[in-house]
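Below is one structure; the comments refer to it alone.
Residue numbers (the working numbering): 728 to 830.
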């Protein structure tokens, strides 16, 4: 896979991230692979938190609104990441861009 294709595929889904890690040019695409992995981990954490909050009657339901807003923020960050990857720009994402998961 080419560098741009690897970068874009990494952001699409968890399966896309795995494909990009296994088949793509990992050394050249480390930046976008790290950004995509960070977004994926944040999404998984939000999913667990939302499942826990769903059990709490009234307060949990109100906090689920905040979790849904955070999901929208992750969606916007993913779109920004895809645009940066398609343009081959290594610009860190706002909020989660400083987190290094891959070395």
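Think of the CB as a built atom: it goes at the ideal place given N, C-alpha and C, for glycine as much as any other residue.
These numbers come from a predicted model, not from an experiment.
Between residue 735 and residue 820, the alpha-carbon positions lie close to 14 Å from each other. A direct Cα-Cα distance of roughly 10 Å separates residue 773 from residue 793. Taking 9 Å as the cut-off, the Cβ atoms of residue 766 and residue 738 count as close.
Using a 10 angstroms sphere on the CB of residue 808, the tally of other CB atoms reaches 16 or more, which defines it as buried. Counting the other CB atoms within 10 Å of its CB gives residue 740 a total below 16, which places it among the exposed residues. With 16 or more neighbouring CB atoms inside 10 Å of its own CB, residue 751 falls in the buried class.
One thing to note: residue 756 has its Cβ within 9 Å of the Cβ of residue 730.
Distance from the Cα of residue 828 is smallest, within the candidate group 762, 813, 800, 784, for 762. Residue environment: residue 802 is assigned as exposed (fewer than 16 neighbouring CB atoms within 10 Å of its CB, all protein chains considered). When only Cα atoms are considered, residue 805 and residue 784 end up about 31 Å apart.
Take residue 798, set aside five residues on each side of it, and the residues of its chain with a beta-carbon closer than 7 Å to its own are 773, in chain order.
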